[in-house]
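**Student:** Mind having a look at this structure? Questions to follow.
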Amino acid sequence: MKVFRIWGLVAGLALAGSTLADGQVPIVKAHRLDKAPTIDGKINPGEWDEAFETSTFLDRATTKPPSDKTEAWIGYDRKGIYIAFYCHDSQPDKIVAREIIPNSKFDGEDWVEFDINPFGNRTFNQLCEFVVNARGTKSENFKGGRTDKREWRGDWKAATSRTSDGWVCEMEIPWPILNYPRKDRFNMDLNLIRGQGRSQIEQSWANARLNPLPEQQGIWEGVEPPTPPTAHVQYLAYSAPEVANGKFQNRVGLDARYAFTQSVTGVMSLAPDFKNIQDVVPGIDFVRTERNLDESRPFFNEGSGFFRLTDNFTYGSMFYSRRIADFDMGAKVYGQANPNLGFGALYTNKFDGEKAAVFNVKRTFSSTEGINLFGTVNADGNDNSSLGFGYNKRVGKIGFDVGAAMEKDNGTKADTAGSAAISYQGNGDFLMARYLWVTPEFNPSLAYIPWTDRRGGYIYGESNRQYRKGPIRETQYNFSTDQFRTYSGVLQENGFDTSFNVGLRNDMGVGFARVRYTYSGSLDDYWVYGIAFNTSNRFKKLSMNYLQGTQGDMPSKYYFVRGSYRVVNNLDLSIDKSVQELGGTTRQTIATLAYQASPQDLLSSRFVMNGNDQNIYFSFRHAGFRGTEYYLIYGDPNAQRTSNRLSLKAVWAF
Numbered sequence: 014m015k016v017f018r019i020w021g022l023v024a025g026l027a028l029a030g031s032t033l034a035d036g037q038v039p040i041v042k043a044h045r046l047d048k049a050p051t052i053d054g055k056i057n058p059g060e061w062d063e064a065f066e067t068s069t070f071l072d073r074a075t076t077k078p079p080s081d082k083t084e085a086w087i088g089y090d091r092k093g094i095y096i097a098f099y100c101h102d103s104q105p106d107k108i109v110a111r112e113i114i115p116n117s118k119f120d121g122e123d124w125v126e127f128d129i130n131p132f133g134n135r136t137f138n139q140l141c142e143f144v145v146n147a148r149g150t151k152s153e154n155f156k157g158g159r160t161d162k163r164e165w166r167g168d169w170k171a172a173t174s175r176t177s178d179g180w181v182c183e184m185e186i187p188w189p190i191l192n193y194p195r196k197d198r199f200n201m202d203l204n205l206i207r208g209q210g211r212s213q214i215e216q217s218w219a220n221a222r223l224n225p226l227p228e229q230q231g232i233w234e235g236v237e238p239p240t241p242p243t244a245h246v247q248y249l250a251y252s253a254p255e256v257a258n259g260k261f262q263n264r265v266g267l268d269a270r271y272a273f274t275q276s277v278t279g280v281m282s283l284a285p286d287f288k289n290i291q292d293v294v295p296g297i298d299f300v301r302t303e304r305n306l307d308e309s310r311p312f313f314n315e316g317s318g319f320f321r322l323t324d325n326f327t328y329g330s331m332f333y334s335r336r337i338a339d340f341d342m343g344a345k346v347y348g349q350a351n352p353n354l355g356f357g358a359l360y361t362n363k364f365d366g367e368k369a370a371v372f373n374v375k376r377t378f379s380s381t382e383g384i385n386l387f388g389t390v391n392a393d394g395n396d397n398s399s400l401g402f403g404y405n406k407r408v409g410k411i412g413f414d415v416g417a418a419m420e421k422d423n424g425t426k427a428d429t430a431g432s433a434a435i436s437y438q439g440n441g442d443f444l445m446a447r448y449l450w451v452t453p454e455f456n457p458s459l460a461y462i463p464w465t466d467r468r469g470g471y472i473y474g475e476s477n478r479q480y481r482k483g484p485i486r487e488t489q490y491n492f493s494t495d496q497f498r499t500y501s502g503v504l505q506e507n508g509f510d511t512s513f514n515v516g517l518r519n520d521m522g523v524g525f526a527r528v529r530y531t532y533s534g535s536l537d538d539y540w541v542y543g544i545a546f547n548t549s550n551r552f553k554k555l556s557m558n559y560l561q562g563t564q565g566d567m568p569s570k571y572y573f574v575r576g577s578y579r580v581v582n583n584l585d586l587s588i589d590k591s592v593q594e595l596g597g598t599t600r601q602t603i604a605t606l607a608y609q610a611s612p613q614d615l616l617s618s619r620f621v622m623n624g625n626d627q628n629i630y631f632s633f634r635h636a637g638f639r640g641t642e643y644y645l646i647y648g649d650p651n652a653q654r655t656s657n658r659l660s661l662k663a664v665w666a667f
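Adding 13 to a residue's 1-based position in the sequence shown gives its number in the working numbering.
Take a look at the structure:
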């Protein structure tokens with residue numbers, strides 16, 4: 014088989030690359046501060062003298078010192094961790110700072126980032142990321158996921174200021190918002206990163222790579238954090254009275270959260286409000302399988318990393334939370350039993366219907382080796398259960414992984430699926446060969462399995478490059494080829510796709526893709542062309558894509574235009590327009606208008622048109638902070654057509 018002739022090539026490249034050494038891991042001894050600095054965005058004389066100081070930052074693409082210097086400081090006391098950055102800039106008038114919405118992405122802006130894994134286990138499993146743009150807007154990401162309510166998520170401080178030759182940021186991360194082991198003294202993994210808007214250069218103190226590796230993170234040696242605080246139950250209650258089509262109802266619900274330890278958390282939800290959560294709008298482009306859509310419901314996003322049972326590039330996702338459409342009561346427990354043992358357990362109950370349960374246990378042997386065991390149960394009249402495992406190991410730049418699962422309904426035989434892969438990972442390069450199988454009847458009811466009745470494999474590779482001179486800023490090349498047959502020997506899928514994208518120094522992007530596959534004799538053969546303007550500025554961005562060729566043995570054209578524009582101060586308009594010509598014409602329009610009156614107050618509207626169906630709704634949100642949150646919604650965010658509905662929702666913590 015053509016696919017497997019390339020396994021030798023992948024293995025050869027991997028073995029050759031495994032002998033190449035990466036940069037040395039920086040190690041710094043932790044020092045407790047006698048006096049905490051004032052977090053005001055100004056590095057005052059003497060206030061950071063006790064802290065560790067470094068200016069050893071490297072360009073992640075070139076692994077060389079960047080032209081604009083960065084200085085950083087880090088220290089801690091019994092209250093929290095303190096970090097400061099001085100970002101020198103030869104063109105301070107071109108510092109980019111736009112975003113004011115907390116927990117936004119700062120693409121195309123100037124920002125700094127503090128990464129810490131308090132468990133110090135040389136993995137990314139418990140990595141926490143704290144990011145601040147030059148305007149002082151904060152964004153944080155807790156590995157495993159946390160809800161947006163500030164009382165549950167935790168709060169931290171940041172302040173910024175401009176200087177004659179750059180800008181300054183100071184942060185304070187309180188210990189109580191971090192999960193860490195109950196020990197007197199241990200090491201933590203950390204990194205300090207800076208992004209520059211005008212040059213799109215990222216520089217870091219450790220792990221100076223385009224694709225960072227967990228074992229290359231810096232080591233903070235001998236940290237002595239305080240004893241974790243005594244846990245108490247936290248509650249979130251909501252009330253959502255509404256009038257819809259002349260009928261009144263009031264929905265109420267309650268969520269509870271309890272930290273059994275500083276690293277193990279339990280969550281319970283009674284009568285959750287999924288109705289007022291804006292969901293993803295599926296696209297209209299031609300696809301061969303069920304669409305895999307993102308999850309937007311807080312219950313499932315809380316601790317979601319502990320419920321990721323399988324890798325995205327295997328036979329499927331063994332827990333796809335959207336399979337659980339609704340429930341009356343749900344509970345989950347997740348966290349780290351110790352630095353090398355993580356787990357998650359989830360249960361939901363629809364009192365007059367479906368009951369579902371999920372568990373996952375992951376043992377980490379080192380930064381490059383781990384195994385997980387998982388299972389699911391779904392009782393909905395046709396009881397279904399599954400059990401599986403995954404194992405991964407990396408030696409230098411060589412990666413290996415293998416995994417399998419079995420599932421069965423009551424009274425039936427077990428069906429199986431699994432995969433094995435070898436990969437090579439360089440600085441900006443990735444190459445993988447994977448074999449997988451899925452038996453004809455493999456259909457776990459809580460999973461997303463795009464294909465069944467297949468066995469075969471695929472090769473995938475990508476190469477990413479960044480350039481510091483000339484009109485081209487970056488390039489990305491991808492290719493993939495596969496071959497799968499059914500269990501009866503019929504060719505199910507065979508072909509290739511490749512793409513090449515170029516990012517220009519003037520903030521334009523251009524690219525193309527070539528795709529040719531046959532699916533059980535049905536042909537997909539087409540080209541895709543794309544162009545984008547102002548790619549790093551979400552407040553003035555335009556992209557266009559055009560597809561032409563054959564899909565499903567029929568002539569096909571697909572047009573997609575996406576634009577976003579800041580009309581006036583804090584008033585943003587975005588529009589997505591799609592047209593699919595395939596045995597007829599299908600059109601879709603998604604338009605959003607949003608006014609951010611303050612970091613907490615947002616007035617917005619979304620209009621969706623699918624064919625002849627139109628839905629528009631309006632909302633006001635006063636949220637994202639401590640205390641009572643309010644939402645006023647006219648319409649239904651997820652209805653097919655506009656509805657005459659008014660809902661007022663209040664959420665309060667206690």
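Think of the CB as a built atom: it goes at the ideal place given N, C-alpha and C, for glycine as much as any other residue.
#1: Let's test the definition: count the other Cβ atoms within 10 Å of the Cβ of I87 and tell me whether it reaches 16, buried, or not, exposed.
#2: Measuring CA to CA, which of Y347, R135, Y630 is closest to R619?
#3: With a cut-off of 8 Å, do at least 3 Cβ pairs link the stretch 141-148 to the stretch 120-130?
#4: Which class does N657 belong to by DSSP, given the choice of helix, strand or coil?
#5: Does the contact criterion of 3 or more C-beta pairs under 8 Å hold for the stretch 374-385 versus the stretch 303-315?
#6: Taking the alpha carbon of T327 as the reference point, which residue from N519, G409, Y471 has its own alpha carbon closest?
#7: Once you ignore the five residues that flank G596 on each side, which residues in its own chain have a CB closer than 6 Å to its CB?
#8: What is the rounded straight-line gap between the Cα of S611 and the Cα of E215?
#9: Roughly how many angstroms lie between the CA atoms of A434 and A418, to the nearest whole one?
#10: Can you tell me which residues form a DSSP beta bridge with K42?
#11: Just the C-alpha distance for L517 and L586, rounded to the nearest angstrom, thanks.
#12: Considering only DSSP beta bridges, list what V144 is partnered with.
#13: Secondary structure at Q613, three-state DSSP: helix, strand or coil?
#14: Which residue wins for smallest C-alpha separation from S549, given the options G210, N204, P352?
#15: Using the DSSP secondary-structure output, state which residues sit across from K345 in a beta bridge.
#16: Between E594, D396, P131, which has its C-alpha nearest E7's C-alpha?
#17: Under DSSP, the beta strand (DSSP E) around W540 begins and ends at which residues?
#18: With distance defined between alpha-carbon atoms, name the residue in G403, G508, T240, R321 nearest to Y461.
#19: Three or more C-beta pairs under 8 Å: does that hold for the stretch 484-493 against the stretch 508-523?
#20: Helix, strand or coil, according to DSSP, for W665 in the structure here?
#21: For E382, which of helix, strand or coil comes out of DSSP?
#22: Considering only the beta carbon of each residue, do K570 and Q564 sit closer than 7 Å?
#23: Just to confirm, are P105 and G54 a CB contact at a threshold of 7 Å?
#24: Distance, Cα to Cα, I544 vs N558?
#25: Suppose the cutoff is 6 Å on Cβ atoms and the five residues either side in sequence are ignored; what does the same chain contact list for L659 look like?
#26: Please report the straight-line C-alpha distance between A652 and D286, rounded to a whole angstrom.
#27: Quick one: what's got a C-beta closer than 8 Å to R198's C-beta in the same chain, skipping five residues either side?
#28: Can you give the Cα-Cα distance for M184 and F497, rounded to whole angstroms?
#29: If I measure Cβ to Cβ from L71 and keep anything under 7 Å in the same chain, skipping five residues before and after, which residues do I get?
#30: When you compare the CB positions of G93 and I186, do they come within less than 7 Å of one another, or not?
#31: DSSP three-state call for A34: helix, strand or coil?
#32: For the candidate residues G388, F299, W165, T302, whose alpha-carbon lies nearest to that of G279?
#33: Do you know how far the Cα of W233 is from the Cα of A219?
#34: Would the stretch 394-403 and the stretch 418-427 be scored as touching if the rule is three or more Cβ pairs under 8 Å?
#35: Can you give, in chain order, each stretch of the alpha helix (DSSP H) that sits fully within the stretch 64-108 and has at least 4 residues?
#36: Considering only residues of the same chain and omitting the five flanking positions on each side of F387, which have a CB-CB separation below 6 Å?
**Tutor:** So, from the data block:
#1: Counting C-beta atoms within 10 angstroms of its own C-beta, I87 has 16 or more neighbours from the protein chains shown and is therefore classed as buried.
#2: When the alpha-carbon of R619 is set against those of Y347, R135, Y630, the nearest one is in Y630.
#3: With a cut-off of 8 Å, the stretch 120-130 and the stretch 141-148 count as touching, because enough Cβ pairs lie within range.
#4: If DSSP states are grouped into helix, strand and coil, N657 belongs with coil.
#5: Result no; under three Cβ-Cβ pairs closer than 8 Å.
#6: Residue Y471 holds the alpha-carbon nearest to the alpha-carbon of T327 among N519, G409, Y471.
#7: Closer than 6 Å at the Cβ level, and outside the excluded window around G596, lie M567.
#8: One C-alpha to the other measures close to 29 Å.
#9: Taking the straight line joining both Cα atoms gives about 16 Å.
#10: Partner(s): E234.
#11: L517 and L586 have their C-alpha atoms roughly 25 Å apart.
#12: The beta-bridge partner set that DSSP reports for V144 consists of E126, S152.
#13: Q613: coil per DSSP, three-state reduction.
#14: Relative to the Cα of S549, the nearest Cα in the group G210, N204, P352 belongs to G210.
#15: Its beta-bridge partners are V280, L359.
#16: The first residue shown for the chain is 14 and the last is 667, placing residue 7 beyond what the model contains.
#17: Annotation for W540: the continuous beta strand (DSSP E) segment containing it runs 535-546.
#18: That would be R321, whose Cα lies nearest to the Cα of Y461.
#19: Flag = yes, the stretch 484-493 and the stretch 508-523 touch.
#20: DSSP, reduced to helix, strand and coil, places W665 within a strand of the structure shown.
#21: Three-state DSSP puts E382 in a strand.
#22: Not a contact, by the Cβ cut-off of 7 Å.
#23: No, these two residues do not count as a Cβ contact at 7 Å.
#24: The C-alpha of I544 lies about 7 Å from the C-alpha of N558.
#25: Only V256, Y647 meet the Cβ criterion.
#26: For the pair A652 and D286, the Cα-to-Cα distance works out to about 15 Å.
#27: Taken in chain order, the residues that qualify are G235, V236, E237.
#28: Rounded to the nearest angstrom, the two C-alpha atoms are 52 Å apart.
#29: The residues are K77, P78, Q216, S217, A221.
#30: For the 7 Å CB-CB criterion, G93 and I186 form a contact.
#31: At A34 the pLDDT is 41, less than 50, meaning the model places this residue with poor confidence; the figure from the coordinates comes in the next sentence. Three-state result, A34: coil.
#32: When only C-alpha atoms are compared, the closest one is W165.
#33: Near 12 Å, if we compare the C-alpha coordinates of W233 and A219.
#34: Counting Cβ pairs under 8 Å, three or more are found: they touch.
#35: Qualifying alpha helix (DSSP H) stretches: none in this window.
#36: If the five residues before and after F387 are omitted, its C-beta is found closer than 6 Å to the C-beta atoms of L322, N373, G401, all from its own chain and listed in chain order.
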